[in-house]
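S.K.:
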Amino acid sequence: MSIKVKWEGQCTEDVMVLQGIQQDNGINITNETNHLGIKRNEQNRANISERIRTGRATIYSLLGAGLHVRRGFSPMVAYKLWRTHAVPRSIYGLEVMYLLAKEKDMLELAERKILRQIQGLPNNTANMAVYTLVGAEPIAITLDKNVLTFFMNIVRNSGTIECEILRRQIVFSDQRGKDLINRVEKTLSKYNLKSNSYYT
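With this note's numbering, the residue at position 167 of the sequence shown is 167, and numbering never jumps.
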């Protein structure tokens with residue numbers, strides 16, 4: 001394919017353009033890419049098993065052998081490290097992605113396993129006991145807080161391009177869609193808060 005460029009009434013010579021090639025280098029076609037630290041793929045799905053590995057690797061690098069209560073930190077210190085360092089790394093960017101119920105369950109299961117290790121509890125300990133002994137909140141609640149925080153940060157800055165895009169999405173959103181607006185609406189109704197149209 002060749003193109004000509006017209007500039008100030010003059011045309012340039014024909015320039016050959018080969019599709020898929022840039023400066024004698026082929027363009028790699030991939031199924032996923034990184035954007036602002038968030039891995040995006042064709043289905044817009046989060047790789048939850050990779051996120052869980054990231055969280056486990058973070059806590060193991062911080063605590064090492066101290067992850068078990070008998071050998072290291074107190075459970076409260078270990079939990080605080082888990083909550084402030086590992087959880088944000090493992091759920092980074094999930095507030096803008098649609099998560100299936102099984103993906104949330106996988107995250108909660110991994111968190112409960114870590115909390116049992118931190119506290120030295122057996123595997124058959126009740127889920128409520130795992131959370132209440134250290135004052136932990138389930139990771140699903142943290143995800144909900146992140147969704148609402150993200151939404152309110154955009155809404156509070158009226159006049160910005162992000163707020164205008166959000167308003168447009170609210171008007172054109174499909175009730176059964178898997179976009180941010182529907183996720184915000186479900187989260188607001190889950191906690192008996194006003195609809196998203198009230199805030200915009």
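For each residue, glycine too, the CB sits at the ideal point set by N, CA and C. Fair warning: this is a prediction, and the values are worked out from it, not measured in the lab.
Between the beta-carbon of tyrosine 79 and the beta-carbon of isoleucine 118, is there less than 8 Å?
M.R.: Going by C-beta atoms, tyrosine 79 is nearer than 8 Å to isoleucine 118.
S.K.: Hey, how far is the Cα of serine 195 from the Cα of aspartate 144?
M.R.: So the two alpha carbons sit approximately 15 Å from each other.
S.K.: Take threonine 125 as the anchor and find which of Ile139, Ala140, Leu109 has the nearest alpha-carbon.
M.R.: Nearest option by C-alpha distance: Leu109.
S.K.: Measuring straight from C-alpha to C-alpha, what distance separates aspartate 179 and tryptophan 82?
M.R.: Roughly 29 Å between the two C-alpha positions.
S.K.: Near valine 130, what residues of its chain come up, given a Cβ to Cβ distance below 8 Å and the 5 sequence neighbours on each side ignored?
M.R.: Arg112, Leu115, Arg116, Gln119, Leu121, Ala136, listed in sequence order.
S.K.: I need the DSSP call for methionine 97, collapsed to helix, strand or coil.
M.R.: In this structure, methionine 97 counts as coil in the three-state DSSP scheme.
S.K.: Which residue spans inside the region 118 to 175 form an unbroken alpha helix (DSSP H) run of at least 4?
M.R.: Listed in chain order, they are 127 to 132, 139 to 156, 161 to 172.
S.K.: Short of 7 Å in beta carbon distance, which residues of its chain neighbour isoleucine 154, apart from the five on each side in sequence? Order them along the chain.
M.R.: Closer than 7 Å at Cβ, skipping near neighbours: Glu162, Cys163, Leu166.
S.K.: Roughly how many angstroms lie between the CA atoms of methionine 128 and arginine 168, to the nearest whole one?
M.R.: Cα to Cα, methionine 128 sits roughly 41 Å from arginine 168.
S.K.: What would DSSP say about lysine 104, mapped onto helix, strand or coil?
M.R.: Residue state, collapsed to three classes: helix.
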